[in-house]
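Q:
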Ligand SMILES: Cc1ncc(COP(=O)(O)O)c(C=O)c1O
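Residue numbers (the numbering used here): -16 to 361.
1) Alpha carbons only, please: which of 307, 261 and 237 is nearest the one belonging to residue 10?
2) Taking 8 Å as the limit between beta carbons, can you name the residues of its chain near residue 89, skipping five residues before and five after?
3) Using DSSP with H/G/I as helix, E/B as strand and the rest coil, what is residue 155?
4) Determine the direct distance from the alpha carbon of residue 134 to that of residue 170, and round the result to whole angstroms.
5) How many whole angstroms separate the CB atoms of residue 160 and residue 259, which I take to be in contact at a CB cut-off of 8 Å?
6) If distances are taken between C-alpha atoms only, which option among 324, 315 and 302 comes closest to residue 348?
7) Assuming residue 324 and residue 315 form a contact by the criterion Cβ under 8 Å, report the distance between their Cβ atoms to the nearest whole angstrom.
8) Let me check you understand the geometry: is the CB of residue 95 closer than 7 Å to at least one non-hydrogen atom of ligand 1?
9) How about residue 48: is its Cβ closer than 7 Å to a heavy atom in ligand 1?
10) Could you check whether the Cβ of residue 123 sits closer than 7 Å to any heavy atom belonging to ligand 1?
11) Would you check if the distance between the CB atom of residue 13 and the CB atom of residue 20 is smaller than 8 Å?
12) Kindly identify the DSSP beta-bridge partner or partners of residue 52.
13) Check residue 69 in the structure and name its three-state DSSP category.
14) So, under 8 Å CB-CB, residue 59 and residue 199 are touching, yes? Tell me the CB distance rounded to an integer number of Å.
15) CB-CB under 7 Å to residue 166, same chain, minus the five flanking residues each way: which ones, in chain order?
16) When the Cα of residue 231 is compared with those of 45, 310 and 22, which residue comes out closest?
17) Could you have a look at residue 27 and say whether DSSP puts it in helix, strand or coil?
18) When every heavy atom of ligand 1 is checked, does at least one fall within less than 7 Å of the C-beta of residue 184?
19) Between which two residues does the alpha helix (DSSP H) carrying residue 82 extend?
20) Taking the continuous alpha helix (DSSP H) assigned at residue 2, which residues delimit it?
21) For the alpha helix (DSSP H) containing residue 92, list its first residue and its last residue.
22) Could you tell me whether any non-hydrogen atom of ligand 1 is closer than 7 Å to the CB of residue 134?
23) I'd like the span of the alpha helix (DSSP H) that includes residue 219, first residue to last.
24) So what's residue 126 in DSSP terms, helix, strand or just coil?
25) So with Cβ pairs under 8 Å, would you call residue 5 a contact of chain C?
26) What residues in its chain sit with their C-beta under 6 Å from that of residue 172, if we drop five residues either side in the sequence?
27) Out of curiosity, what's the CA-to-CA distance linking residue 296 and residue 71?
28) Please report how far the alpha carbon of residue 337 lies from the alpha carbon of residue -5, in whole angstroms.
29) Please classify residue 336: does DSSP put it in a helix, a strand, or coil?
30) Check this for me: beta carbons of residue 55 and residue 211, under 8 Å apart or not?
31) Among 113, 146, 31 and 229, whose alpha-carbon lies nearest the alpha-carbon of residue 15?
32) Can at least three beta-carbon pairs, one atom from the stretch 110 to 123 and one from the stretch 139 to 150, be found at a separation below 8 Å?
33) Between 269, 288, 287 and 219, which has its C-alpha nearest residue 22's C-alpha?
34) Ligand 2 heavy atoms versus the CB of residue 31: any closer than 7 Å?
35) Suppose you measure from the CA of residue 178 to the CA of residue 331; what does that come to, to the nearest Å?
36) Answer yes or no: do residue 242 and residue -1 have a C-beta to C-beta separation smaller than 8 Å?
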């Protein structure tokens, strides 16, 4: 049997998983249409509605990573020639735009510096001055590639004002920072299991408003993807009495998600958001004491993921290898415009603890003595 090495996962995800989630996954597999499993699916849907803060009937976990959910949302709502506005402030905004293009949409993008949030005023101006209305506006609430947190409430309000549907990437946001799907009026929201939800990677919670589903139903062309066609998936994750086979659900992974969601709800969403805020603040203070700069401005920081500037003269790859080999500690490299300039430290879900902060600060301190003695002495 494969024996994974000891790792403290403090990168952009996957994050560490609670032992009870792993135990849940190790239970015997049962049939995916077994009444007991159908009951579990119902419970997962109810749990996800609580975590997303929504009453949306279409709330489910796609049997695929979050990238597939991103593509599924776009593919279900977009038809050739539809006008879309994508807010880009990091890697995942770029990915959304590329996928929307592949759906045949006419894609406009509004760009923001990497490390900054999506600026609401600029999006408002783009919507006001657009030559024709947009069918959909999409953004990433928690840009994992840069550590910036955007204001989904304000952006959703703009969408309503301009009669556009909203599509929000909540992969790193879910269970780490507030998401209020119904109160903010979000239309299509997808997430991942491997960050603040505290489950292994491979599933993607999705929720879609009735308004967005009505737009999907009014399509004149079939959805390009059969697997991720919401009308078919809705039959599988629909009402328990009328479930029809669509694909074989990843039974054991769903046992794990159920347990992870149970832990989230047991802790309470507000308490969990507060924990992420409090613990990440300790990290930011520890970094400041070492003279290390955090890149996003204070009001735009994403508590579950802190992006810092690599201290002067330090060899990025060699330092991260040192952390992994000597401290069993994984942190993330910078991506895109921040490649070679930044590190990303994740404090997510089960791994978001003061102990983790102490571990990473201690490892950074020891490493800097070797890699940047002048910085360490400062
Ligand atoms: C903000 C964001 N969106 C989408 C994804 C894609 O998720 P996955 O790798 O599970 O497909 C990630 C993964 O890190 C992410 O951080």
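Even glycine gets a Cβ: it sits at the ideal position worked out from N, Cα and C.
A: The relevant details are as follows:
1) Working through the chain shown from its first residue, we reach residue 10 at position 27. Of the listed residues, the one whose Cα sits closest to residue 10 is 237.
2) Residue 89 sits at position 106 when you count from the first residue of the chain shown. Hits under 8 Å: 64, 65, 66 and 67.
3) For the purposes of this step, residue 155 is taken as residue 172 along the chain shown, with counting starting at 1. Coil at residue 155, not helix or strand.
4) For the purposes of this step, residue 170 is taken as residue 187 along the chain shown, with counting starting at 1. For the purposes of this step, residue 134 is taken as residue 151 along the chain shown, with counting starting at 1. Going by the C-alpha atoms only, they are around 15 Å apart.
5) What you label residue 160 is simply residue 177 of the chain shown in a count that begins at 1. What you label residue 259 is simply residue 276 of the chain shown in a count that begins at 1. The pair is a contact, with the Cβ atoms about 7 Å apart (cut-off 8 Å).
6) For this step, residue 348 is matched to residue 365 along the chain shown. Considering only alpha carbons, the answer is 302.
7) Indexing the chain shown from 1 puts residue 324 at position 341. Indexing the chain shown from 1 puts residue 315 at position 332. A Cβ-Cβ separation of about 13 Å leaves residue 324 out of contact with residue 315 under the 8 Å criterion.
8) By one-based count along the chain shown, residue 95 stands at place 112. Residue 95: no, Cβ never under 7 Å from ligand 1.
9) On the chain shown, position 65 is the one that residue 48 refers to. In terms of side-chain proximity, the C-beta atom of residue 48 is found nearer than 7 Å to a non-hydrogen atom of ligand 1.
10) Within the chain shown, residue 123 is the residue found at index 140, counting from 1. If you check the C-beta of residue 123 against ligand 1, you find a heavy atom less than 7 Å away.
11) Walking along the chain shown from the start, residue 13 turns up at place 30. Walking along the chain shown from the start, residue 20 turns up at place 37. Going by C-beta atoms, residue 13 is nearer than 8 Å to residue 20.
12) For the purposes of this step, residue 52 is taken as the residue at position 69 of the chain shown. For residue 52, which the question treats as bridged, DSSP gives no partner whatsoever.
13) The count along the chain shown starts at 1 and reaches residue 69 at position 86. Strand at residue 69.
14) Walking along the chain shown from the start, residue 59 turns up at place 76. Walking along the chain shown from the start, residue 199 turns up at place 216. About 5 Å; that satisfies the 8 Å criterion.
15) Residue numbering aside, residue 166 sits at position 183 when the chain shown is read from its first letter. In its chain, beyond the 5 residues on either side, 36 have a beta carbon closer than 7 Å to the beta carbon of residue 166.
16) Within the chain shown, residue 231 is the residue found at index 248, counting from 1. Nearest option by C-alpha distance: 45.
17) For the purposes of this step, residue 27 is identified with residue 44 of the chain shown, where counting begins at 1. Looking at residue 27 - three-state DSSP - the assignment turns out to be helix.
18) Taking the first residue of the chain shown as 1, we reach residue 184 at position 201. Yes, ligand 1 has a heavy atom inside 7 Å of this Cβ.
19) Reading the chain shown from its first residue, position 99 is the one you call residue 82. In the DSSP assignment, residue 82 falls within the unbroken alpha helix (DSSP H) covering 74 to 85.
20) Looking up residue 2 in the chain shown gives position 19. For residue 2, the enclosing alpha helix (DSSP H) begins and ends at 2 to 8.
21) Stepping through the chain shown from its first residue, residue 92 is reached at position 109. Where residue 92 is concerned, there is no enclosing alpha helix (DSSP H), although the beta strand (DSSP E) it sits in stretches over 89 to 94.
22) Position 151 of the chain shown, counted from the first residue, corresponds to residue 134. Proximity of the beta carbon of residue 134 to ligand 1 is not indicated: no heavy atom of the ligand is located closer than 7 Å.
23) Here residue 219 refers to the residue found at position 236 of the chain shown. Annotation for residue 219: the continuous alpha helix (DSSP H) segment containing it runs 213 to 219.
24) For this step, residue 126 is matched to residue 143 along the chain shown. Here residue 126 sits in strand by DSSP.
25) Protein chains in the displayed structure number just one, and chain C is not present.
26) The residue labelled residue 172 in the question sits at position 189 within the chain shown. Apart from the 5 residues on each side of it in sequence, residue 172 sits with its Cβ closer than 6 Å to the Cβ of 151, 153, 164 and 190 in its chain, given in chain order.
27) Residue mapping note: residue 296 aligns to position 313 of the chain shown, counting from 1. Residue mapping note: residue 71 aligns to position 88 of the chain shown, counting from 1. Between the C-alpha atoms of residue 296 and residue 71 there is a straight-line separation of about 30 Å.
28) Along the chain shown, one-based indexing puts residue 337 at 354. Along the chain shown, one-based indexing puts residue -5 at 12. Each residue's CA atom was taken as its position, placing residue 337 and residue -5 some 18 Å apart.
29) Locating residue 336 in the chain shown gives position 353, counting from the first residue. The answer is coil: DSSP assigns residue 336 none of H, G, I, E or B.
30) As a position in the chain shown, residue 55 is number 72, starting the count at 1. As a position in the chain shown, residue 211 is number 228, starting the count at 1. Judged by their CB atoms, residue 55 and residue 211 are nearer to each other than the 8 Å cut-off.
31) In the chain shown, residue 15 corresponds to position 32, counting from 1. Of the candidates 113, 146, 31 and 229, 229 places its Cα closest to the Cα of residue 15.
32) They touch, by the three-pair rule.
33) Reading the chain shown from its first residue, position 39 is the one you call residue 22. When each option's Cα is compared against that of residue 22, the closest is 219.
34) Ligands in the displayed structure: ligand 1; ligand 2 is not one of them.
35) The residue given as residue 178 occupies position 195 in the chain shown. The residue given as residue 331 occupies position 348 in the chain shown. Cα to Cα, residue 178 sits roughly 6 Å from residue 331.
36) Counting from one through the chain shown, the residue named residue 242 turns up at place 259. Counting from one through the chain shown, the residue named residue -1 turns up at place 16. The Cβ-Cβ distance between residue 242 and residue -1 does not fall below 8 Å.
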